[in-house]
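Just so you know, we're using our numbering here: the sequence shown kicks off at 64 and counts up by one.
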Amino acid sequence: MGKPIDMKLKSTLRALWQCEQGIIITSEFVVLSALLMLGVIVGATTYRDQLMQEFGDAAISVSAVNQSYSYAGTERDVGFSAGGEYVDNSDFCDELNVDPIDAAPGCIVIDAPPSNEQAQ
Numbered sequence: 064m065g066k067p068i069d070m071k072l073k074s075t076l077r078a079l080w081q082c083e084q085g086i087i088i089t090s091e092f093v094v095l096s097a098l099l100m101l102g103v104i105v106g107a108t109t110y111r112d113q114l115m116q117e118f119g120d121a122a123i124s125v126s127a128v129n130q131s132y133s134y135a136g137t138e139r140d141v142g143f144s145a146g147g148e149y150v151d152n153s154d155f156c157d158e159l160n161v162d163p164i165d166a167a168p169g170c171i172v173i174d175a176p177p178s179n180e181q182a183q
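Here it is, written out as structure tokens:
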């Protein structure tokens, strides 16, 4: 009696081994999903980096605005007006070539102390 069950099991296992209809679609889906997720992660990282670069560029362009002014006084028969001036001092990052290509955004300093990831 052990032989018919053993033969039936072998034929069932052989049929499952040779059947490729469902497994191909599933494996293609897994590979496609993995590639898609890798692309999303790389794209999001690139987007984050470029967004920070644009924020740094905007900060440098606003920082480069020189708000200095001066005006001369005037004198007439009945009165006079004194002149005045204001000199805009340079910021700490108002330097030439502070934001070169492929470098971290200028004037953005990230100072985060390392954390102990093992501590509970």
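Each residue gets a CB set at the ideal place from its N, CA and C atoms; glycine is no exception. Predicted model only: the values in this text are computed from it and were never measured.
For G146, count neighbouring Cβ atoms within 10 angstroms of its own Cβ and tell me buried if that reaches 16, exposed if not. By the neighbour-count rule (16 or more Cβ atoms within 10 Å), G146 is not buried but exposed.
What ranges does the alpha helix (DSSP H) occupy inside the region 70-106, keeping only unbroken runs of at least 4 residues that lie completely in it? Counting only unbroken stretches of 4 or more residues, no alpha helix (DSSP H) element lies wholly within the region 70-106.
Need the endpoints of the beta strand (DSSP E) that E148 sits in, please. Here the beta strand (DSSP E) through E148 covers G147 to Y149.
Kindly list the residues whose CB is nearer than 7 Å to the CB of G136, restricted to its own chain and excluding five residues on each side of it in sequence; keep chain order. Setting aside the 5 residues that flank it on each side, G136 is surrounded in the same chain by F143, S144, A145 and G146, each with a C-beta closer than 7 Å to its C-beta; the list follows chain order.
Inspect the beta-carbon positions of E148 and Y132 and report whether they are closer than 8 Å. The criterion of a C-beta distance shorter than 8 Å is satisfied by E148 and Y132.
For S186, name the three-state secondary structure that DSSP assigns. The first residue shown for the chain is 64 and the last is 183, placing residue 186 beyond what the model contains.
CA-to-CA distance, W80 to V103, given in whole angstroms: Cα-Cα distance, rounded: 35 Å.
Cα-Cα separation, R77 to E91: Between the C-alpha atoms of R77 and E91 there is a straight-line separation of about 23 Å.
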